[in-house]
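The numbering of the sequence shown is this note's numbering, which starts it at 1 and goes up by one.
Glycine is no exception: its CB is placed at the ideal position from the N, C-alpha and C atoms.
It should be emphasised that the depicted structure is a prediction, and the values quoted were computed from it without experimental measurement.
First the structure, in the form of structure tokens, and then the observations on it.
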Amino acid sequence: MARLSKAGERVACHLGMDGDSFEEDYRYQPGRWTKPVYAIGNRYWSAGAAPPKHVHGTLHDFDEPWRRVVSSYDGKTVLWTNGED
């Protein structure tokens, strides 16, 4: 079982998901992002003060900009989301 990162724990809590296999099941392209990014359906999530940045080159994997969301879990954690509703 992969160790759950702090970002993964925050996203899992916000979405009401079990953190036990969250890192293995939802981590999107490890190593390509400055922060962990998680793919759940057609939506991508991350956590932290600033949105994640792509590590390789200037091209973005997504057409839309990252949107800031305050976690419904604790009301203060900053999350970032991108993708279709």
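| Classification of T123 by the beta-carbon crowding that lies within 10 angstroms, buried from 16 upward | With the chain covering only 1 through 85, there is no way to say anything about residue 123.
| request: Can you give me the Cβ contacts of P52 inside the same chain, cut-off strictly under 6 Å, excluding the 5 residues immediately before and after it? | output: Along the sequence shown, read from residue 1 onward, the residue named residue 52 stands at position 52. Correct list, in chain order: W33, T34, K35, V37 and S46.
| field | Residues of its chain near E84, where Cβ-Cβ distance is below 7 Å and the 5 sequence neighbours each way are ignored | value | In the sequence shown, residue 84 corresponds to position 84, counting from 1. These residues qualify, in order along the chain: N42 and R43.
| field | For G41, three-class secondary structure by DSSP | value | Residue mapping note: residue 41 aligns to position 41 of the sequence shown, counting from 1. In the structure shown, G41 sits in coil (DSSP, three-state: anything other than H, G, I, E or B).
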